[in-house]
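Accompanying notes for the structure given below.
Numbering (our numbering), first residue to last: -15 to 323.
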């Protein structure tokens, strides 16, 4: 259910509605907007009697929500969500967010060299894996906490916001200690215990689409996080598995406008995992911005051929710098035309 408050409703009236919702055993999710406040209700197992709310002071209307997701929709929040990590690092505010770095943190020298390039490019976010879910049990699976400590040093040295993946609940505790945003990877998109845990975190969440997930399944995964009270979510399209052999995954760029039609959450494109081929990353990054993505995630490495993880889809420094110049030009054109 969705409760829409009058534009003139004050804090006291909103708090009163929340008290009524909670007295009925439900959970209230208050979503302030530019023109009015909406309150989403979750926790009900069936229909809720609208009369409980329709005559409360400050209530404009109570609406039944028939969609499977209740909190991520534009029905609840017509304004776009802006995920703000501080110091001007925002996603969803109309600026071009670039999240760049190595697939995995290998050592301090490697990570600092990449961070220097990322920072000089004007990007505000640095990605780096300390815990890596690998298909092979013998592949490099990350440095663990020492890798997170390197990321924390990068934040201090370069002023970049740190994005790093958590694989389980124990990982979340560590990532919260060192990073600024928790990444949930494609393999964990439907790890509902993990989704609930990051839903209770104070850090924003980057939620990647599963490699075989439908749009609805992806959005419902975000709903799991929001239902726990964490509304700072960025969706990331990273490609789906298809019959195609010329790419590692097939980047579903149609998902970007599809998400934006349904949800207020920002959505970015991972052009590295979405292709698996470094020569394809820049063209698909350009296309991602052209279709309306709020930003990009790419992998960068000083020596991709020596990378311990995902070297085939990592950009060299010069390739990354050229990509940034090109996508900024496209973003500027789109912004000038009000797209």
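Quick reminder that beta carbons are idealized off the backbone N, C-alpha and C, glycines included.
Exercise. Specify whether the stretch 34 to 44 and the stretch 217 to 235 touch according to this definition: at least 3 beta carbon pairs, one from each stretch, less than 8 Å apart.
Key: Pairwise C-beta distances place the stretch 34 to 44 out of contact with the stretch 217 to 235, as fewer than three of them are shorter than 8 Å.
Self-check item: Segment contact flag, the stretch 150 to 163 with the stretch 190 to 206, C-beta cutoff 8 Å, min 3 pairs
Solution: Short answer: they don't touch.
Exercise. Determine the DSSP secondary structure at residue 267, reduced to helix, strand or coil.
Key: In the chain shown, residue 267 corresponds to position 283, counting from 1. Helix, per DSSP.
Quiz item: How about the stretch 199 to 206 and the stretch 174 to 191: do they share at least three Cβ pairs that are nearer than 8 Å?
Solution: Touching, yes.
Quiz item: Can the beta-carbon of residue -15 be found closer than 8 Å to that of residue 21?
Solution: Counting from 1 along the chain shown, the entry for residue -15 is found at position 1. Counting from 1 along the chain shown, the entry for residue 21 is found at position 37. No, Cβ-Cβ distance for residue -15 and residue 21 is not below 8 Å.
Quiz prompt | Residue(s) in a DSSP beta bridge with residue 167 | solution = The residue you call residue 167 lines up with position 183 of the chain shown. Residue 167 is bridged by DSSP to 149 and 190.
Quiz prompt | Counted within 10 angstroms of its Cβ, other Cβ atoms place residue 257 as buried (16 or more) or exposed | solution = Within the chain shown, the letter at position 273 stands for residue 257. Only buried fits residue 257, as 16 or more other CB atoms lie within 10 angstroms of its CB.
Self-check item: Endpoints, the beta strand (DSSP E) within which residue 15 is located
Solution: The count along the chain shown starts at 1 and reaches residue 15 at position 31. Note, residue 15: beta strand (DSSP E), 11 to 16.
Quiz item: For residue 226, which beta-bridge partners are listed by DSSP?
Solution: Counted from its first residue, the chain shown places residue 226 at position 242. DSSP lists no beta-bridge partner residue for residue 226.
Quiz item: To the nearest angstrom, how far is it from the Cα of residue 148 to the Cα of residue 233?
Solution: Locating residue 148 in the chain shown gives position 164, where the first residue counts as 1. Locating residue 233 in the chain shown gives position 249, where the first residue counts as 1. The C-alpha of residue 148 lies about 21 Å from the C-alpha of residue 233.
Quiz item: Is the number of C-beta pairs between the stretch 226 to 243 and the stretch 266 to 285 that are closer than 8 Å three or more?
Solution: Touching, yes, given that three or more Cβ pairs across the two stretches are closer than 8 Å.
Quiz item: In whole angstroms, what separates the C-alpha of residue 150 from that of residue 94?
Solution: In the chain shown, counting from the first residue as 1, residue 150 sits at position 166. In the chain shown, counting from the first residue as 1, residue 94 sits at position 110. Each residue's alpha carbon lies about 21 Å from the other.
Quiz prompt | Exposed unless 16 or more other CB atoms sit within 10 angstroms - verdict on residue 317 | solution = Within the chain shown, the letter at position 333 stands for residue 317. Exposed.
Quiz item: Nearest to residue 169 by alpha carbon, out of 113, 131 and 104?
Solution: Locating residue 169 in the chain shown gives position 185, where the first residue counts as 1. Ranking 113, 131 and 104 by Cα distance to residue 169 puts 113 first.
Quiz item: Which word fits residue 278, buried or exposed, when buried means at least 16 other C-beta atoms lie within 10 angstroms of its C-beta?
Solution: Taking the first residue of the chain shown as 1, we reach residue 278 at position 294. Burial call: buried.
Practice problem: Starting from residue -11, follow the beta strand (DSSP E) in both directions and report where the run begins and ends. | Solution: Residue -11 sits at position 5 when you count from the first residue of the chain shown. Residue -11 -> beta strand (DSSP E) spans -14 to -11.
Quiz prompt | Residue from 223, 40 and 309 with nearest C-alpha to residue -2 | solution = In the chain shown, residue -2 corresponds to position 14, counting from 1. Restricting attention to 223, 40 and 309, the CA atom closest to the CA of residue -2 is found in 40.
Quiz item: What residues match up with residue 221 in a beta bridge as DSSP calls it?
Solution: Sequence index remark: in the chain shown, residue 221 carries index 237 (1-based). Looking at the DSSP output, residue 221 bridges to 253.
Exercise. Count the other CB atoms, across all protein chains shown, that sit within 10 Å of the CB of residue 226; report buried if there are 16 or more and exposed otherwise.
Key: For the purposes of this step, residue 226 is identified with residue 242 of the chain shown, where counting begins at 1. Under a 10 Å Cβ-count criterion, residue 226 is classified as exposed, with fewer than 16 other Cβ atoms of the shown protein chains found around its own Cβ.
Quiz item: With a CB to CB cut of under 6 Å and the five nearest residues on each side skipped, what residues in its chain are close to residue 92?
Solution: By one-based count along the chain shown, residue 92 stands at place 108. These residues qualify, in order along the chain: 134.
Exercise. Output the distance between the C-alpha atoms of residue 109 and residue 76, rounded to the nearest integer angstrom.
Key: The residue given as residue 109 occupies position 125 in the chain shown. The residue given as residue 76 occupies position 92 in the chain shown. Those two C-alpha atoms are separated by around 14 Å.
Exercise. Sort 15, -6, 96 and 3 by Cα distance to residue 143 and report the nearest one.
Key: Along the chain shown, one-based indexing puts residue 143 at 159. The shortest Cα separation from residue 143 among 15, -6, 96 and 3 belongs to 96.
Self-check item: Delimiting residues of the alpha helix (DSSP H) encompassing residue 139
Solution: As a position in the chain shown, residue 139 is number 155, starting the count at 1. Taken as a continuous stretch (DSSP letters only), the alpha helix (DSSP H) holding residue 139 covers 129 to 142.
Quiz prompt | Opening and closing residue of the beta strand (DSSP E) in which residue 111 lies | solution = For the purposes of this step, residue 111 is identified with residue 127 of the chain shown, where counting begins at 1. Residue 111 -> beta strand (DSSP E) spans 109 to 111.
Exercise. Output yes or no for whether 8 Å exceeds the beta carbon distance between residue 280 and residue 253.
Key: Translated into the one-based positions of the chain shown, residue 280 becomes position 296. Translated into the one-based positions of the chain shown, residue 253 becomes position 269. The answer is yes: Cβ separation under 8 Å.
Quiz item: Considering residue 281, what are the terminal residues of the beta strand (DSSP E) in which it resides?
Solution: On the chain shown, residue 281 is found 297 positions in, with the first residue counted as 1. Taken as a continuous stretch (DSSP letters only), the beta strand (DSSP E) holding residue 281 covers 279 to 283.
Exercise. Could you say which of 136, 50 and 156 lies nearest to residue 182 if we only look at CA atoms?
Key: Stepping through the chain shown from its first residue, residue 182 is reached at position 198. Measuring from the Cα of residue 182, the nearest candidate turns out to be 156.
Self-check item: Buried versus exposed call for residue 259 [16 or more other C-beta atoms within 10 Å across all chains shown]
Solution: For the purposes of this step, residue 259 is identified with residue 275 of the chain shown, where counting begins at 1. Residue 259 should be labelled buried.
Quiz item: By how many angstroms is the C-alpha of residue 4 removed from the C-alpha of residue 30?
Solution: To locate residue 30, count along the chain shown from 1; it is residue 46. To locate residue 4, count along the chain shown from 1; it is residue 20. The alpha-carbon atoms of residue 30 and residue 4 are separated by roughly 17 Å.
Quiz item: Mind checking residue 289: buried by the 16 CB within 10 Å criterion, or exposed?
Solution: One-based indexing of the chain shown puts residue 289 at position 305. Exposed is the call here.
Quiz item: Which same chain residues, not among the five before or five after residue 177, have their C-beta less than 8 Å away from its C-beta?
Solution: Within the chain shown, residue 177 is the residue found at index 193, counting from 1. For residue 177, where only same-chain residues beyond five positions count, the Cβ hits under 8 Å are 153.
Exercise. Can you tell me which of 215, 130, 9 and -13 puts its alpha carbon nearest to the alpha carbon of residue 1?
Key: Position 17 of the chain shown, counted from the first residue, corresponds to residue 1. Residue -13 is the option with its Cα nearest to residue 1.
Quiz prompt | Residue range of the unbroken beta strand (DSSP E) whose run includes residue 26 | solution = Within the chain shown, the letter at position 42 stands for residue 26. Where residue 26 is concerned, the enclosing beta strand (DSSP E) stretches over 21 to 26.
Self-check item: At least three beta-carbon pairs within less than 8 Å, the stretch 43 to 55 to the stretch 78 to 92
Solution: No: the two stretches stay apart, fewer than three of their Cβ pairs being nearer than 8 Å.
Quiz prompt | Beta-carbon proximity list for residue 42, same chain, < 6 Å, skipping 5 on both sides | solution = As a first step, residue 42 must be located in the chain shown, where it is residue number 58. Excluding sequence neighbours, residue 42 sits near -11, -10, -7 and -3.
Quiz prompt | Span separating the alpha-carbon of residue 24 from that of residue 49 | solution = Here residue 24 corresponds to residue number 40 of the chain shown, with the count starting at 1. Here residue 49 corresponds to residue number 65 of the chain shown, with the count starting at 1. A direct Cα-Cα distance of roughly 9 Å separates residue 24 from residue 49.
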